[in-house]
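**Student:**
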Amino acid sequence: MTKNSKKTSASFIFIASTILIAAASRLFPHIPNFTPIAAMALFGGVYFSDKRLAIVLPLIAMILSDIAIQLIYGWGFHDTIIYVYVAFILTSFIGIMLRTKVGLLSVASGSIISSILFFIITNFGVWAASGFQLGINGLNATYLLGIPFFAPTLIGDLFFNGILFGSFYWLFSKTYKIA
Numbered sequence: 000m001t002k003n004s005k006k007t008s009a010s011f012i013f014i015a016s017t018i019l020i021a022a023a024s025r026l027f028p029h030i031p032n033f034t035p036i037a038a039m040a041l042f043g044g045v046y047f048s049d050k051r052l053a054i055v056l057p058l059i060a061m062i063l064s065d066i067a068i069q070l071i072y073g074w075g076f077h078d079t080i081i082y083v084y085v086a087f088i089l090t091s092f093i094g095i096m097l098r099t100k101v102g103l104l105s106v107a108s109g110s111i112i113s114s115i116l117f118f119i120i121t122n123f124g125v126w127a128a129s130g131f132q133l134g135i136n137g138l139n140a141t142y143l144l145g146i147p148f149f150a151p152t153l154i155g156d157l158f159f160n161g162i163l164f165g166s167f168y169w170l171f172s173k174t175y176k177i178a
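Numbering follows numbering that gives the first Met the number 0, with no gaps: position 26 of the sequence shown is 25.
#1: List the endpoints of the continuous alpha helix (DSSP H) containing proline 57.
#2: Looking at the unbroken alpha helix (DSSP H) that takes in glycine 75, where does it start and where does it end?
#3: For serine 129, name the three-state secondary structure that DSSP assigns.
#4: Alpha carbon to alpha carbon, how far is leucine 144 from alanine 53? Give it in angstroms, no decimals.
#5: Roughly how many whole angstroms lie between the Cα atoms of phenylalanine 171 and leucine 163?
#6: If you reduce the DSSP assignment to three classes, tell me which class phenylalanine 27 lands in.
#7: If you follow the alpha helix (DSSP H) that valine 83 is in, where does it begin and where does it stop?
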């Protein structure tokens, strides 16, 4: 096995394992919306070389953790889950777009953009699940009521992206001298 194939195998195992561990962390008590959801998608999007894997593997980890949450707590699946998955998949695409320029600024920017995207899409989903009550005023009210949940989402996304991307860089820059 060549050094390059060892690097590929080791990085694939690390990326997949890290995403699974992040997904499993959702099972433990946490601040609402302070989760590794967007970090899993962004990280997978950046580091899985196959674009299909970059979307599918983090999504499978997300679905498995939702199944576990449903079985343990009874609320893993809900009326707006499809909107969560759409935001998750779009975050994977953001990661794919960041592949060529991974750095502190690009990861932080991707994290912030994914937080905003998640806020917009999932709150729209809450309004849609209500039957579009009160028209545009209902949508505005939904976004206003969602504001308290945005800060933990943003802070959680930045925190978990820092951990995932930082640990990958720390491990593989020392092992394989990544420039």
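A virtual CB, placed ideally from N, CA and C, is assigned to each residue, including glycine.
**Tutor:** So, from the listed chains and residues:
#1: 50 to 72
#2: Element bounds for glycine 75: n/a, residue is neither H nor E.
#3: coil
#4: 33 Å
#5: 12 Å
#6: coil
#7: 80 to 97
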